[in-house]
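Note that our numbering has the sequence shown beginning at 40, numbered continuously upward. Note that the Cβ used here is the ideal one computed from N, Cα and C, for glycine as well. Below is one structure, written out as structure tokens, with a few remarks after it.
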Amino acid sequence: MAYITLSRSNFYHNLSQIALKTGSLDKIAIVLKDNAYGHGAIPMAQMASEFGIRKAVVRNYKEAIEIEQYFDDIIILGGEIDPKPNFSFTINSLEALKAVPFDIRIELKVDTGMHRNGIMLDELDAAIDIIKKRELKLTGVMSHFASADELGSEYFYQYQNFKYAKNKILSQGFEGVRFHIHNSGGILRCGEFEEDLVRLGIGAYGYSHMPQSFGDMNLKPVMSLYAKRVSTRILRKGDRVGYGGEYIAPREMTVSTYDIGYGDGWRRGSAFDPYITHDSGPILGKVSMDLVSLEGDKDEVCIMSDALKASKHYHTISYEITCALHPGIERIVVDS
Ligand SMILES: *Cc1c(COP(=O)(O)O)cnc(C)c1O
40 MAYITLSRSN FYHNLSQIAL KTGSLDKIAI VLKDNAYGHG AIPMAQMASE FGIRKAVVRN
100 YKEAIEIEQY FDDIIILGGE IDPKPNFSFT INSLEALKAV PFDIRIELKV DTGMHRNGIM
160 LDELDAAIDI IKKRELKLTG VMSHFASADE LGSEYFYQYQ NFKYAKNKIL SQGFEGVRFH
220 IHNSGGILRC GEFEEDLVRL GIGAYGYSHM PQSFGDMNLK PVMSLYAKRV STRILRKGDR
280 VGYGGEYIAP REMTVSTYDI GYGDGWRRGS AFDPYITHDS GPILGKVSMD LVSLEGDKDE
340 VCIMSDALKA SKHYHTISYE ITCALHPGIE RIVVDS
């Protein structure tokens, strides 16, 4: 069966690189949403915790419960709310703030310019009012960069807005509140890191989408994808391969099928612009639901060792390549 390896040493290397910027592991909250970007929530949580990371970010309550045992502190971005002392819940609107149970820990999301989620800056006073009147537990104030990984002024503009929100909260006498806006792009590009936390996602998994001008971040991909041989045949010149026969053998050649396909979340792409596997050349013809064809007869092939490279081929981002990989594919932690 196809399988995914997770490189412990590459993961730890990436975490160390980021820790150099934050100054401490305590300031890293590892983002494990959506099955740890497709890497596997449990093995990634386990490794992060063994490395000394104590905080995590997940999409919803269900994901939080799955990894609860590995962390002291989990930020939940959305969905169902159910009080737990080690969970904090992202609150995105005044209506939600009015309705939440009074005993949850609140991570108040402020819209600093992305316009996706969070209260607007001019709603801050009203939010503070509700929090005080209802005696809610404000644990953190957060925001999210729309384009930390792109050249442009948006990053600075949003950061200014965040500082405005921060000062306002602090001037209202709230104590012990943590402030965080940085994602991977934010932490990679910032000079001095001055906030309490980075919510570290893609960088931990080994990818940077920053333009070259920001310099080489020296991150290493954690995930590699392997597939196993199902069968082999020898084709004559002119024989066709797969649905629609879109690959035509240019000469006599040995072709094998391997057990990965779009049913596993690998992209179907186009047979006329084939993806080049890590060690066995281009995919031949159309990708089937559970199979691909490659030249040769190796028992096992490495399909992908760098999702950023693969994402460029498929005109998408590394996030989408790794997230799509089916949770049913076995994940194996390797120490190298
Ligand atoms: C996914 C997510 C992150 C992590 O972003 P990366 O670019 O993967 O580092 C941080 N904060 C929020 C709110 C997110 O949804």
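| Item | Value |
| --- | --- |
| Which of helix, strand or coil does DSSP assign to Arg-173? | helix |
| Between the alpha carbons of Ile-158 and Asn-131, how many angstroms are there, rounded? | 6 Å |
| Can you check the region 344 to 369 for any beta strand (DSSP E) of at least 3 residues that lies completely inside it and give the ranges in chain order? | none |
| State buried or exposed for Met-181, treating a residue as buried only when at least 16 other CB atoms are found within 10 Å of its CB. | buried |
| Assuming Leu-160 and Val-149 make a contact with CB atoms under 8 Å, what is their CB distance in whole Å? | 7 Å |
| Just tell me which of Asp-65, Gly-62 and Met-86 has its CA closest to the CA of Tyr-244. | Met-86 |
| Specify the secondary structure class of Glu-234 as computed by DSSP and reduced to three states. | coil |
| Mind checking His-78: buried by the 16 CB within 10 Å criterion, or exposed? | buried |
| Any heavy atom of ligand 1 closer than 7 Å to the beta-carbon of Lys-94? | no |
| Along the chain, where does the alpha helix (DSSP H) containing Asp-73 start, and where does it finish? | 72 to 76 |
| Taking just the CA atoms, how far does Val-97 sit from Ile-145? | 15 Å |
| Who are the Cβ neighbours of Ala-438 in its own chain at under 7 Å, not counting the five residues just before and after it? | Not covered by the structure: residue 438. The range shown for the chain is 40 to 375. |
| Ends of the beta strand (DSSP E) at Arg-144? | 144 to 148 |
| Is Asn-200 near ligand 1, with its Cβ less than 7 Å from a heavy atom? | no |
| My output table needs one value for Gly-302: the three-state DSSP class, helix, strand or coil. | helix |
| Looking at the strands, I want to know which residues DSSP matches up with Phe-128. | Ile-115 and Ile-145 |
| Would you identify the three-state DSSP class for Ala-266, choosing helix, strand or coil? | strand |
| Quick check: the Cα distance between Asp-298 and Phe-110, rounded to an integer number of angstroms? | 35 Å |
| In the DSSP output, which residue or residues are listed as bridge partners for Val-340? | Ala-266 |
| Please list, in chain order, all residues of the same chain as Leu-4 whose beta carbon is under 6 Å from its beta carbon, the five residues on each side excluded. | The chain is shown from 40 up to 375; residue 4 falls before or after that span and cannot be answered. |
| Can you give, in chain order, each stretch of the alpha helix (DSSP H) that sits fully within the region 163 to 218 and has at least 4 residues? | 163 to 173 and 193 to 210 |
| When every heavy atom of ligand 1 is checked, does at least one fall within less than 7 Å of the C-beta of His-78? | no |
| Using the beta-carbon count (16 or more within 10 Å), is Met-40 buried or exposed? | exposed |
| Relative to ligand 1, is the shortest distance from any of its heavy atoms to the C-beta of Leu-236 smaller than 7 Å? | no |
| Check each candidate in Arg-217, Ser-319 and His-219 and name the one with the smallest Cα separation from Tyr-265. | Ser-319 |
| Rounded C-beta distance between Gln-197 and Gly-230? I'm assuming under 8 Å. | No, Gln-197 and Gly-230 are not in contact; Cβ-Cβ is about 16 Å, not under 8 Å. |
| Arg-272 bridges to which residues according to DSSP? | Val-294 |
| Quick check: what's the CA-CA separation for Glu-214 versus Phe-50? | 34 Å |
| How would you call Ala-84, buried or exposed, if buried means at least 16 neighbouring beta carbons within 10 angstroms? | buried |
| Rounded to whole angstroms, what's the CA-CA distance from Arg-275 to Pro-313? Just pull it up for me. | 21 Å |
| Between the alpha carbons of Glu-43 and Gly-335, how many angstroms are there, rounded? | One point to set straight first is that residue 43 is Ile, not Glu, in the sequence displayed. Between Ile-43 and Gly-335, the C-alpha separation is close to 21 Å. |
| Is Gly-224 near ligand 1, with its Cβ less than 7 Å from a heavy atom? | yes |
| Can you determine whether any heavy atom of ligand 1 sits closer than 7 Å to the C-beta of Gly-240, and answer yes or no? | yes |
| On a CA-only basis, which of Thr-296, Gly-283 and Arg-279 is nearest Pro-289? Give me that one, please. | Arg-279 |
| Can we count His-183 as close to ligand 1, meaning its CB is less than 7 Å from some heavy atom? | yes |
| Less than 8 Å between the CB atoms is what I'm expecting for Ile-226 and Leu-236, so what's the real figure, rounded? | 10 Å between Cβ atoms; not a contact. |
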